[in-house]
Each structure stands twice: as structure tokens, then as C-alpha cells.
Amino acid sequence: MQKERARRWLWVVWPAFLVAAIAEVIFFTVFDPFDLHFFGAPLEFSRQAIYTMGFFGFWGIGIVASVLTVFFEPPPDDAGGRSDAREDP
Numbered sequence: 041m042q043k044e045r046a047r048r049w050l051w052v053v054w055p056a057f058l059v060a061a062i063a064e065v066i067f068f069t070v071f072d073p074f075d076l077h078f079f080g081a082p083l084e085f086s087r088q089a090i091y092t093m094g095f096f097g098f099w100g101i102g103i104v105a106s107v108l109t110v111f112f113e114p115p116p117d118d119a120g121g122r123s124d125a126r127e128d129p
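Be aware that the sequence shown starts at 41, since it is given in the working numbering, and climbs by one per residue.
Next comes the structure, spelled out in C-alpha cells:
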């Protein structure tokens, strides 16, 4: 049970990490961190701090998306809602 839980967390965190890295590269290729504003006020952080906050923000969004995917996944013994999926009709 513990290994299965760790495996599920790995299924959630690792793809989210990869997506966050790609999203960070694409986002900050288009936008300069010093041009960003938060509720109308410019961000008063270093460029590296803005990159870090952006990465963790993208990672959080990716984790939420992956958690929803795992949450809505049917149980392994349930094949599309049929309890007798292995038996021929």
C-alpha cells in the first residue's frame, strides 16, 4: 500500500515538474520578468526570484492537473463501470 501511494505521487509530481520546466522556458522567453505586474504593481524581486516563483507556480498548476487525473481515474478492478469486464456476455 505504501509503495502504491509513493508510485501515485511520483505519477503526479514528475510529469508536473517536466511541464513546469517547459512552461517556464516558453513563458520567460516571451515575457521579461521585470515587465510583469501583480495587481497593477511591478514585482520588486530579483530576476532569479521571479523565475523561481514562476517555476513553482507552473509546477503547482501541473500538480493540480495531475492530481485531478489520478483522482478521476477508475479503480483498477473497474473497467469502464462494468464489474464483469472479464466475462463474455
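The beta-carbon is built from N, C-alpha and C at its ideal position, and this holds for glycine as well.
Residue i versus residue j: straight-line alpha-carbon distance, rounded
| i | j | result |
| --- | --- | --- |
| residue 95 | residue 114 | 31 Å |
| residue 47 | residue 81 | 42 Å |
| residue 73 | residue 41 | 43 Å |
| residue 109 | residue 54 | 14 Å |
| residue 139 | residue 43 | Residue 139 lies beyond the stretch modelled for the chain, which goes from 41 to 129, so this question has no answer here. |
| residue 86 | residue 79 | 18 Å |
| residue 76 | residue 111 | 34 Å |
Integer-rounded CB distance, given that residue j should sit under 8 Å from residue i
| i | j | result |
| --- | --- | --- |
| residue 59 | residue 102 | 4 Å |
| residue 91 | residue 68 | 6 Å |
Which listed residue (the options) has its alpha carbon closest to that of residue i
| i | options | result |
| --- | --- | --- |
| residue 105 | 51, 45, 71 | 51 |
| residue 99 | 89, 78, 62 | 62 |
| residue 93 | 49, 64, 45 | 64 |
* To do: Give, in chain order, every unbroken run of the alpha helix (DSSP H) that is at least 4 residues long and sits entirely within the region 73–115.
  => 87–111
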